[in-house]
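Residue numbers (this note's numbering), protein chains in the order written: chain B, 1 to 30; chain Y, 1001 to 1411. Don't be surprised by glycine CBs; every beta carbon is placed ideally from N, CA and C. Being a predicted model, the structure only gives us computed values, none of them experimental. Structure first, commentary second.
What follows is the structure, given as structure tokens:
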């Protein structure tokens, strides 16, 4: 399997939208 | 210089390394959000007391151990038939149930008990059960704060053996009518203790009464000085699941660009307005993990040539807060590395750094430029990485493409 690591996630607001079964990436989140 | 080119990052070389001092401003998204800091950075409460942060090589080696254990766990869950030829050679699947801790990169501060006391814990989307070290303790490692003392909390309660939470626990056993848990991580780290409940305080206005967690009384391994670990996996016992009735299902986090900055972790928060979404995929063999479908990669605005089957046949993609470096199928990584290197011809190459084999020496440059890298997900979501997400910098003379190959996927 591929793994999306935390270095690549830096500065993104990573939203685990469980209700809608989706994952979102918002740039410049912090 | 490509200052205005949307397909390039242009940056000051002096900004590659994090500040030695904490430069964090409040980055939380709302009042119930927890501040997230790098475990080994200057903003970490564990920073002052630590016995020395791990070196970059150690971080990357532990990262590989975590990746190996994720692969083992996935392989073990999918394996239904034991190959007698392999068995006869003494090859066996590992007994460990959990995944390796890696470097436990990011920590949050949470309050437990009444009155609440603060604890610095690793947060991990790759596991479910939360735990802290508790007193009395038969075998605890040295940690940052005093141990959690159930006797000092007016809202503490043990979870009885007959409780649903105990029965649903994979490793739950019963002893003197106390529900005992055990989590064995893939790097031989382990925590054992009683399953308990108490009030979890996220902020002055956000409390989670009756939060179920492990009260560890026998804990050994690579936990550093953290007071424990909070799991945000997909199973019922995770913080994400327990917080759902109060805050809504799901959570959002943001990891800072530098180890001297801070981010946030927020339960049940609405997604940011600019978020691009892809499907959260469920794998019943590995119910803790959050899967998604990576379908392509762009470098410098151009999609690299990789058949989509390279991603789809690789077994999917797991998003993990505890793995440092993204791992790609070998053919995808080879194409990414090749495309990236083509754009970087003006810079002197530097030696490899552990698992990172594409490194550059920016010594003597005031500014530098690298092509943007974007990850493409099923459904059209595009994640155009920050430049801190493209390079892993050990020093100015050794800044490496922050991706690695999964290696020989036939192995």
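At the 8 Å Cβ level, is residue 1149/Y part of the contact set with chain B, yes or no?
Numbered from 1 along the second chain, position 149 holds the residue referred to as residue 1149/Y. Chain B, which has no Cβ nearer than 8 Å to the Cβ of residue 1149/Y, makes this no.
Could you check whether the Cβ of residue 1370/Y sits closer than 8 Å to any Cβ belonging to chain B?
Sequence index remark: in the second chain, residue 1370/Y carries index 370 (1-based). Not one chain B Cβ lies under 8 Å of residue 1370/Y.
Considering Cα atoms alone, identify which of 1139/Y, 1342/Y and 1232/Y is closest to residue 1129/Y.
In the second chain, counting from the first residue as 1, residue 1129/Y sits at position 129. Out of 1139/Y, 1342/Y and 1232/Y, 1232/Y has the C-alpha closest to the C-alpha of residue 1129/Y.
Which of the residues in the segment 1305-1328 of chain Y, read from start to end, lie with their CB under 8 Å from any CB of chain B?
1311, 1314, 1315, 1316, 1317, 1318, 1319, 1320, 1321, 1322, 1323, 1324, 1325, 1326, 1327 and 1328
Give the single residue among 1179/Y, 1248/Y, 1039/Y and 1347/Y whose Cα lies nearest to the Cα of residue 1158/Y.
The residue labelled residue 1158/Y in the question sits at position 158 within the second chain. Per the C-alpha coordinates, the member of 1179/Y, 1248/Y, 1039/Y and 1347/Y positioned closest to residue 1158/Y is 1179/Y.
Any idea which residues DSSP pairs residue 1011/Y with across the strands?
Residue 1011/Y sits at position 11 when you count from the first residue of the second chain. Paired residues: 1368/Y.
Return the CA-CA distance between residue 2/B and residue 1076/Y, expressed in angstroms with no decimal places.
Sequence index remark: in the first chain, residue 2/B carries index 2 (1-based). Sequence index remark: in the second chain, residue 1076/Y carries index 76 (1-based). Spanning the two alpha carbons is a distance of roughly 16 Å.
In three-state terms, what does DSSP make of residue 1306/Y?
Within the second chain, numbered from 1, the residue matching residue 1306/Y stands at position 306. Note: residue 1306/Y maps to coil in three-state DSSP.
Determine the extent of the alpha helix (DSSP H) in which residue 1335/Y is found, giving its start and end residues.
Counting from one through the second chain, the residue named residue 1335/Y turns up at place 335. First-last of the alpha helix (DSSP H) with residue 1335/Y: 1330-1343.
Does any residue of chain B have a CB that is nearer than 8 Å to the CB of residue 1362/Y?
The residue labelled residue 1362/Y in the question sits at position 362 within the second chain. So no, residue 1362/Y is outside the interface.
Can you find the residues in the same chain that come closer than 7 Å, C-beta to C-beta, to residue 943/Y, ignoring five residues on each side of it along the sequence?
In the structure displayed, chain Y extends from 1001 to 1411; residue 943/Y sits before or after that span and is not available.
Since residue 1121/Y meets chain B, which of its residues come closer than 8 Å, beta carbon to beta carbon?
Along the second chain, one-based indexing puts residue 1121/Y at 121. Here the premise fails: no neighbours, minimum Cβ distance about 16 Å.
May I ask which residues mark the beginning and end of the beta strand (DSSP E) holding residue 1247/Y?
The count along the second chain starts at 1 and reaches residue 1247/Y at position 247. For residue 1247/Y, there is no enclosing beta strand (DSSP E); the residue is found in the alpha helix (DSSP H) stretching over 1239-1247.
Counting pairs of Cβ atoms below 8 Å between the segment 1237-1253 of chain Y and the segment 1118-1135 of chain Y, do you hit three or more?
yes
Just how far apart, CA to CA, sit residue 1445/Y and residue 1230/Y?
Chain Y is shown from 1001 up to 1411; residue 1445/Y falls before or after that span and cannot be answered.
Please check if any C-beta of chain B sits within less than 8 Å of the C-beta of residue 1007/Y.
Taking the second chain and counting its residues from 1, the one referred to as residue 1007/Y is at position 7. Not closer than 8 Å to any Cβ of chain B, the Cβ of residue 1007/Y fails to qualify, so no.
Which one or two residues does DSSP pair with residue 1236/Y in a beta bridge?
Locating residue 1236/Y in the second chain gives position 236, counting from the first residue. Beta-bridge pairing links residue 1236/Y to no other residue.
Where residue 1218/Y and residue 1147/Y are concerned, what is the direct C-alpha to C-alpha distance, given to the nearest angstrom?
For the purposes of this step, residue 1218/Y is taken as residue 218 along the second chain, with counting starting at 1. For the purposes of this step, residue 1147/Y is taken as residue 147 along the second chain, with counting starting at 1. Each residue's CA atom was taken as its position, placing residue 1218/Y and residue 1147/Y some 12 Å apart.
Runs of 3 residues minimum, wholly inside the segment 1092-1146 of chain Y: which ones carry the beta strand (DSSP E) assignment?
1106-1112, 1117-1124 and 1131-1133
Return no unless some Cβ of chain B is closer than 8 Å to the Cβ of residue 1417/Y.
Here chain Y has residues from 1001 to 1411 only, and residue 1417/Y is not among them.
Apply the 10 Å Cβ neighbour rule to residue 1398/Y and answer buried if 16 or more other Cβ atoms are within range, or exposed otherwise.
Counting from one through the second chain, the residue named residue 1398/Y turns up at place 398. So residue 1398/Y counts as buried.
What does residue 1251/Y reach in chain B if we use C-beta pairs closer than 7 Å?
For this step, residue 1251/Y is matched to residue 251 along the second chain. Going along chain B in sequence order, the residues near residue 1251/Y (Cβ under 7 Å) are 16.
Between the segment 1274-1302 of chain Y and chain B, which residues of the former have a C-beta closer than 7 Å to a C-beta of the latter?
1274, 1275, 1276, 1277, 1278, 1279, 1280, 1290, 1292 and 1294
Excluding the five sequence neighbours on either side, which residues of its own chain have a C-beta within less than 7 Å of the C-beta of residue 1281/Y, listed in chain order?
Translated into positions along the second chain, residue 1281/Y becomes position 281. So the list reads 1291, 1292, 1293 and 1316, once near-sequence residues are dropped.
List, in order along the chain, the chain B residues whose C-beta lies closer than 8 Å to that of residue 1256/Y?
Here residue 1256/Y corresponds to residue number 256 of the second chain, with the count starting at 1. Within chain B, the residues near residue 1256/Y are 10, 11 and 30.
In chain B, which residues lie with their C-beta within 8 Å of the C-beta of residue 1056/Y?
Position 56 of the second chain, counting from 1, holds the residue named residue 1056/Y. Within 8 Å Cβ-Cβ: nothing; residue 1056/Y doesn't reach chain B, min ~12 Å.
Would you say residue 1386/Y and residue 11/B are within 8 Å of each other, going by their C-beta atoms?
The sequence position of residue 1386/Y within the second chain is 386, counting from 1. The sequence position of residue 11/B within the first chain is 11, counting from 1. In contact: residue 1386/Y and residue 11/B (Cβ atoms closer than 8 Å).
How far does the alpha helix (DSSP H) with residue 7/B in it extend, from its first residue to its last?
The residue labelled residue 7/B in the question sits at position 7 within the first chain. Unbroken alpha helix (DSSP H) run through residue 7/B: 6-9.
Classify residue 1252/Y as buried or exposed, calling it buried when 16 or more other Cβ atoms lie within 10 Å of its own Cβ.
Residue mapping note: residue 1252/Y aligns to position 252 of the second chain, counting from 1. By the neighbour-count criterion, in which 16 or more other beta carbons inside 10 Å mark a residue as buried, residue 1252/Y falls on the buried side.
Sort out for me which residues DSSP pairs residue 1038/Y with in a bridge.
Against the second chain, residue 1038/Y aligns to sequence position 38. According to DSSP, which records beta bridges pairwise, residue 1038/Y is partnered with 1106/Y.
Would you kindly check if the distance between the Cβ of residue 8/B and the Cβ of residue 1279/Y is under 8 Å?
Here the question's residue 1279/Y lines up with position 279 in the second chain. Here the question's residue 8/B lines up with position 8 in the first chain. Result no, Cβ atoms of residue 1279/Y and residue 8/B do not sit closer than 8 Å.
Along the chain, where does the beta strand (DSSP E) that runs through residue 1179/Y open and close?
Within the second chain, numbered from 1, the residue matching residue 1179/Y stands at position 179. Looking at the DSSP string, the run of the beta strand (DSSP E) that includes residue 1179/Y is 1178-1184.
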